[in-house]
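*Asks:*
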Ligand SMILES: C[S@@+](CC[C@H](N)C(=O)[O-])C[C@H]1O[C@@H](n2cnc3c(N)ncnc32)[C@H](O)[C@@H]1O
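Numbering (the numbering used here), first residue to last: 1 to 211.
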């Protein structure tokens, strides 16, 4: 009984802290002014400012795209003839010129479903996904690793040779088999922690090319 009360209190405190931090966040305020659906847009903008990838890409896939902040950036920074596909478990509001697919990336048919939306191989795969936290560190770690592994597996199938992958990963998450998998399929691996990524978050971004 006591334990449930404590959990509820902590949840309430956490959610109040989250709301306060959200309201005070400069990127949240900026996104309202600039018309972006999420503060995450600024992460992709900074990554692209540094690596200059988007302008080279015509076929782009965004894994875990809701609510669509990265899709808005992709739409704005690529040619009007680009084929842009976003996938998420959650619904998003329509973005003109973007195809949305409501699916879990662990769906066994996902590669076929995604491929059928492109005429050619994909130039760029994006992923800003993070798993839901279970509250258990080891479980969360496994979820993170399997999510990034899945992103690499999908990229391996769908990207053209020397196509780009920009993916959220977590510091301490790229270990053992995941590093092996990255080395087998990816080249020119670089990391960036954009300013809009909160300092206290262990997230960082991998920028790489398919071998
Ligand atoms: C941080 S949000 C992405 C924000 C997005 N880049 C933007 O700028 O609006 C992460 C998204 O990944 C999605 N996601 C997490 N796991 C997923 C999975 N297995 N399959 C599909 N989507 C997933 C979540 O539903 C969530 O919408």
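Built from N, CA and C at the ideal position, the CB exists for glycine as well.
A quick note: this is a predicted structure, and the numbers were derived from the prediction, not measured.
State the DSSP-derived secondary structure class of residue 14, mapped to helix, strand or coil.
*Replies:* For the purposes of this step, residue 14 is taken as residue 14 along the chain shown, with counting starting at 1. Of the three classes helix, strand and coil, the one that applies to residue 14 here is helix, per DSSP.
*Asks:* Go through its chain and collect everything with a Cβ distance to residue 205's Cβ below 8 Å, but skip five positions before and after it.
*Replies:* For the purposes of this step, residue 205 is taken as the residue at position 205 of the chain shown. Answer for residue 205: 43, 47, 166, 167, 168, 169, 191, 192, 193, 194 and 197, listed in chain order.
*Asks:* Just verifying my parser: in three-state terms, what is the DSSP assignment at residue 69?
*Replies:* Along the chain shown, read from residue 1 onward, the residue named residue 69 stands at position 69. If DSSP states are grouped into helix, strand and coil, residue 69 belongs with the helices.
*Asks:* From residue 78 to residue 60, what does the alpha carbon distance come to, in whole angstroms?
*Replies:* The residue you call residue 78 lines up with position 78 of the chain shown. The residue you call residue 60 lines up with position 60 of the chain shown. C-alpha separation (whole angstroms): 9 Å.
*Asks:* For residue 100, count neighbouring C-beta atoms within 10 Å of its own C-beta (all shown protein chains included) and say buried if the count is 16 or more, exposed if not.
*Replies:* Locating residue 100 in the chain shown gives position 100, counting from the first residue. Flag for residue 100 reads buried.
*Asks:* Given a cut-off of 7 Å on the beta-carbon distance, is the pair residue 209 and residue 164 in contact?
*Replies:* Here residue 209 is taken as the residue at index 209 of the chain shown, counted from 1. Here residue 164 is taken as the residue at index 164 of the chain shown, counted from 1. Yes, Cβ-Cβ distance for residue 209 and residue 164 is below 7 Å.
*Asks:* From residue 104 to residue 130, what distance separates their C-alpha atoms?
*Replies:* Your numbering for residue 104 matches position 104 in the chain shown. Your numbering for residue 130 matches position 130 in the chain shown. Between residue 104 and residue 130, the C-alpha separation is close to 13 Å.
*Asks:* In or out: residue 36 buried (at least 16 other Cβ within 10 Å) or exposed?
*Replies:* Residue numbering aside, residue 36 sits at position 36 when the chain shown is read from its first letter. With 16 or more other Cβ atoms within 10 Å, it is buried.
*Asks:* Along the chain, where does the beta strand (DSSP E) that runs through residue 176 open and close?
*Replies:* On the chain shown, position 176 is the one that residue 176 refers to. Element bounds for residue 176: not the beta strand (DSSP E) but the alpha helix (DSSP H), 176-185.
*Asks:* Quick check on the burial criterion: 16 or more other C-beta atoms within 10 angstroms. Buried or exposed for residue 127?
*Replies:* Looking up residue 127 in the chain shown gives position 127. Buried, because 16 or more other Cβ atoms sit within 10 Å of the Cβ of residue 127.
*Asks:* DSSP on residue 76, reduced to helix/strand/coil?
*Replies:* Numbered from 1 along the chain shown, position 76 holds the residue referred to as residue 76. Here residue 76 sits in helix by DSSP.
*Asks:* Does the CB of residue 148 have a neighbour CB from chain B at under 7 Å?
*Replies:* Protein chains in the displayed structure number just one, and chain B is not present.
*Asks:* So the alpha helix (DSSP H) residue 44 belongs to, where does it begin and stop?
*Replies:* Counting from one through the chain shown, the residue named residue 44 turns up at place 44. Element bounds for residue 44: 41-51.
*Asks:* Select from 132, 177, 144 and 124 the residue whose C-alpha is nearest the C-alpha of residue 156.
*Replies:* Within the chain shown, residue 156 is the residue found at index 156, counting from 1. That would be 124, whose Cα lies nearest to the Cα of residue 156.
*Asks:* Mind checking whether the beta-carbon of residue 104 lies closer than 6 Å to any heavy atom of ligand 1?
*Replies:* For this step, residue 104 is matched to residue 104 along the chain shown. Flag set: Cβ of residue 104 near ligand 1.
*Asks:* Using a Cβ-Cβ cutoff of less than 6 Å, which residues in the same chain neighbour residue 189 once the five nearest sequence positions on both sides are dropped?
*Replies:* Position 189 of the chain shown, counted from the first residue, corresponds to residue 189. 208.
*Asks:* Which partner residues does residue 203 have in the DSSP bridge list?
*Replies:* In the chain shown, counting from the first residue as 1, residue 203 sits at position 203. DSSP, once it has assigned bridges, lists 170 as partnering residue 203.
*Asks:* Look at the Cβ atom of residue 85, then the Cβ atom of residue 41, and state whether they are nearer than 7 Å.
*Replies:* For the purposes of this step, residue 85 is identified with residue 85 of the chain shown, where counting begins at 1. For the purposes of this step, residue 41 is identified with residue 41 of the chain shown, where counting begins at 1. The answer is no: Cβ separation not under 7 Å.
*Asks:* Measure from the alpha carbon of residue 200 to the alpha carbon of each residue in 184, 171, 178 and 177, then state which is nearest.
*Replies:* If you number the chain shown from 1, residue 200 lands on position 200. Of the candidates 184, 171, 178 and 177, the one whose C-alpha sits nearest the C-alpha of residue 200 is 171.
*Asks:* In whole angstroms, what separates the C-alpha of residue 153 from that of residue 186?
*Replies:* For the purposes of this step, residue 153 is identified with residue 153 of the chain shown, where counting begins at 1. For the purposes of this step, residue 186 is identified with residue 186 of the chain shown, where counting begins at 1. Approximately 11 Å, taken between the alpha carbons.
*Asks:* Between residue 178 and the rest of its own chain, which residues show a CB-CB distance below 7 Å, the 5 nearest in sequence each way excluded?
*Replies:* Stepping through the chain shown from its first residue, residue 178 is reached at position 178. The residues are 145, 148 and 149.
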